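Spelled out as structure tokens, the structure:
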């Protein structure tokens, strides 16, 4: 197979190796003289042999640098001549002679070569070229530190080795043949001109520039190959990994297509080339191919990258602190696949053309509001994201150039990331959004000198391996007219190849191009998505919804934007169907662990199917309510799932409450009741049909016919849960299937994936169990049940968490307070801790965060009527100051408004009553239409009408940065140990007791949280204990008050009970005349059961005299800036990230010679594990817990992960206002 040497794009036959055939002296060796495509490497003569392999002998009597080098060479080796291909060591040189020769070269040439230069350049021709580079002062050979932009990409590459995440593949399709020898010479000359193309990157984060490189250029004859096969060839080529330590990070593939015209693919790594750089390379490559002048005397050295990073101006840093304060921890996108515990890089792309009407509407607003195209399309993306997610506080990442005037013509990596935060108030319009985007972009550009990693650190977001920090969505705007390659007068447009990866969960790229038929301007939209989160079908559906939202919003730019838009969620999947999918895909994975009981997903599915068959056999199905009266355990979980399989709704009954209350609930609400066995069945004998779990059919044969599914709608009831009623009667909240699907498993506040172990400690009748059970099982995680009272003892909880390796935990505020007080280190291994139910204590949170905190601490707020959580807030140190801890912003699929007396939204800083709604909203109260109508009211902000919202009765203050702070109840409803309690219901129960003349129940704060006290008149003071005992027979344990017997109930001027006077009368002395309501608080653990605060302990907990452990401990503390550490400290939880980790591992390598890969460390980033890794390498053993890195995701450490850097791999194309440098060089 011969390479083409002539044709319209080439120099003509025979020109490949002759004078003038190449682009000038930079042709680096006449690559045409080397082997053709059939050679093993296809690279011709080899790296950069200046002059050509055919060059004649060089005698000492020559002139210039070459002559001086030849004279030293020949004298050292005793030869009479020196040819380019002559090899120093093969000609008789040894290591001692090499050093002596290097010293002689310094004197003879006036250069300063390193003494081992002959080991790197043993061929004469390459040695001359290398010394020529030294003389020109290109800076090669001397390592330099990475710029912040390079350091981010370098860190990501260490986690995702071997992936094409930051490969830029540019394809050019010509009408004729490409002269490959001429192309090779031009590519080598191009590399000679630009230091960036000769730069490699070595551990620990150093950049080294080589003097000479040869750009790999392969030619493939594909004249008789189908176009589809050529496409696969190009796709495979762009995915071939680079060795970052071995420049050039550029290669070419020329594909001969005969009459169809040749195709050229240039693949370059983003570390050395941004969008503007690619355009510069295209222009210069065309000039060199066409025979432009010689290489400049001094290569372009990328001055911007050789200088230290720009000084961080405090004013700019303060701007970003202010902008990002209180920013949401994540954007919950409507993906259809469970979020993995660690997000990878696999991605896909969906492409469509923007409708002309949507474009015209957007351009009209852009002209009226003086928006550049980049600003206009960014505004379009923000409004569309808000529409499909329901989020009002959004952060979108955009690439921004960091080039100064000196770097305008330089090739390199000059791009950073700007997180644009846009907050849309209720009632905001598309025009409002456009104006805010214009201001946000302008301010961001004015403060763009702050590196993105610094912004991440200053934002104090806790690292989450399943998400990237600050922004999960990105945007780029491109202009197709700005890219292309012209060779010998024939132009080819640039086409960017997808690499099968994704840098962000979603990245929208809009490209301005020309319509293929009319040549009129058109816009192509590409949605790059994470394939681990979105199926292709869901991504396509989401893309079409985004585009439709743009058209809708800007067609009516002065109408309010939809308040929440995820109501058309990605394809609806009931939660039990998600569990069944896991049983099919991962049948042997552990689903439920409960003491000695271990259920895999297949076993759980079979057990639930058998229960469903029994229910259907009893005539129960869609619309039926089945009570489940069983303690927390594996059987109860299987029963819930079986009820859903049967198409029914389950009603959890708290077995700890009085039997009379349980009987009343079942009689009023259920069509049947499931119980474990005969003892429990007797309690419901005369209420509704009783089905015993121990008598239902055995689990079905997996090979047998499956149970036919029941067709359910999102509005069908999934469960009924009773809460305290203000009328004195409990209220049954009917929760539909859509509400659970909105909550789990991929909620933004706490994603649960297959690697998680979720604790189930809540009562099944408490709505936190909804998150625990279905969050685990729908996400493919393991649900770990403890039916003991583990959660009432901090020490017992600690033992449970450690023994079961729990990663996700829900705690009530009361228990969290006890844990922080008595076992503060118990939570250190958690990935996510959710707490709530009552107001969080800032002082205790500060203590938790300052000690051994979990990976994330989330404050969760929400009534049962809106399915467990309505708003959440990621807790940071800033939240522990004075004032209430924020309850945060609405979760995905949720609306939340603070409304004043007139029903209008209150302003930031003002207080109002909180109303919540969205996909989590309950259908209403069971058989209570009047109560339902009173509490579930029309949503006045729904532009389509028909939606409802729930009036919570909670007063909140709107925070300046968005979100809410809880102020208290509007009525007499309180939260006790996470349970909602209507004081009226408790009062009614107390008044019903024989001997009680009057009763008023009041709530008061206590160290353990809110406590309630019943102030009664009538009985003797000594009867308080007996009254409390009788109340325990009729009320759930959390509703049983302390009892204080008083002479009289004080009244105020209006003749009503004076609750303020009652609280004052109770005071500390009240304890002497009250009986504990629910029994004594659990005993505190003994001092010996709690580990004391961490001292400066050796890393592995070994002998304190162990020098290695002490040394690793010291390096750990240096990296984190701390004075001491505990073996179980988590590097990421303490503010570490991948860049800090790289620096730590570099220091470890320097001190101990332990070359630990970043991915191995991040798998288990504790001090103990690091010490074990170092010790294992020192002992010559395999490091524990190591992986090959193939399954380690982006964003593993909170530095940005796969999206630590930029947007698309394309040309720059944003037009920034007022002459600003372009802000979206989209390979950057």
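In full-length UniProt numbering, the protein residues as written are 1 to 1228.
Idealized CB from N, CA, C, for every residue including glycine.
Please read these numbers as outputs of a predicted model, since none were measured by experiment.
- Note that the C-beta distance between residue 999 and residue 1016 is below 7 angstroms.
- Take the alpha-carbon of residue 430 and the one of residue 834: they are about 35 angstroms apart.
- Between residue 745 and residue 796, the gap from beta carbon to beta carbon reaches 7 angstroms or more.
- Contact between the region 683-697 and the region 626-644 is present, with at least three C-beta pairs closer than 8 angstroms.
- Out of 964, 1142, 411 and 124, the CA that lies nearest to the CA of residue 84 is found in 124.
- Non-local beta-carbon contacts of residue 940 in its own chain, meaning distances under 8 angstroms to residues more than five positions away in sequence, involve 903 in chain order.
- Non-local beta-carbon contacts of residue 145 in its own chain, meaning distances under 6 angstroms to residues more than five positions away in sequence, are absent.
- Contact annotation: residue 1026 and residue 1012 have beta-carbon atoms that are not nearer than 7 angstroms.
- By the CB criterion at 7 angstroms, residue 264 and residue 178 fall inside the cutoff.
- Considered as a whole, the region 646-732 harbours 659-669 and 678-681 as its complete alpha helix (DSSP H) runs of no fewer than 4 residues, in chain order.
- Taking the C-beta atoms as reference points, residue 256 is found nearer than 7 angstroms to residue 222.
- Nearest to residue 216 by C-alpha distance, out of 375, 721, 251 and 1149, is 251.
- Counting along the chain, residue 595 sits inside no alpha helix (DSSP H), nor does DSSP assign it H or E at all.
- For a cut-off of 8 angstroms, the C-beta gap from residue 555 to residue 361 is around 5 angstroms, short enough to register as a contact.
- If you keep only unbroken alpha helix (DSSP H) runs of at least 4 residues inside the region 206-243, you get 227-239.
- Take the alpha-carbon of residue 1022 and the one of residue 1044: they are about 10 angstroms apart.
- The beta carbon of residue 350 is closer than 8 angstroms to those of 526, 527, 529, 536, 539, 540 and 543 in its chain, skipping five residues each way along the sequence.
- A distance of 7 angstroms or more separates the beta carbons of residue 895 and residue 767.
- Linking residue 509 to residue 477 through their CA atoms gives a straight-line distance of about 6 angstroms.
- Non-local C-beta neighbours of residue 191 in its own chain, meaning closer than 6 angstroms and more than five positions away in sequence, comprise 197, 198, 213, 215 and 248, ordered along the chain.
- For residue 893 against residue 934, the beta-carbon gap comes to about 24 angstroms, at or over 8 angstroms, which does not count as contact.
- Distances from the alpha-carbon of residue 338 to those of 764, 989 and 754 put 754 closest.
- Of the other Cβ atoms in all chains shown, 16 or more fall within 10 Å of the Cβ of residue 886; this residue is therefore buried.
- Distance between residue 92 and residue 246, taken at the CA atoms: about 28 angstroms.
- A contact between stretches requires three or more CB pairs, one per stretch, nearer than 8 angstroms, and the region 873-881 meets this requirement with the region 836-850.
- Cβ atoms of residue 433 and residue 388 stay farther apart than 8 angstroms, at about 14 angstroms.
- Classified as buried, residue 507 has 16 or more neighbouring CB atoms from the shown chains inside 10 Å of its CB.
- For residue 476, the uninterrupted beta strand (DSSP E) run begins and ends at 473-479, by DSSP.
- Of the residues assessed, residue 813 falls on the buried side of the cut-off, its CB having 16 or more other CB atoms within 10 angstroms.
- By alpha-carbon distance to residue 1176, the top candidate from 1162, 1159 and 1153 is 1153.
- When DSSP states are grouped into helix, strand and coil, residue 450 belongs to the coil group.
- A contact between stretches requires three or more CB pairs, one per stretch, nearer than 8 angstroms, and the region 481-495 fails this requirement with the region 319-328.
- For residue 875, the secondary structure class from DSSP, reduced to helix, strand or coil, is coil.
- Non-local beta-carbon contacts of residue 592 in its own chain, meaning distances under 7 angstroms to residues more than five positions away in sequence, involve 599, 604, 634, 637, 783 and 785 in chain order.
- Residue 331 is positioned such that its CB atom lies no closer than 7 angstroms to that of residue 436.
- Under the DSSP assignment, residue 757 falls outside any alpha helix (DSSP H), being part of the beta strand (DSSP E) whose first and last residues are 757-760.
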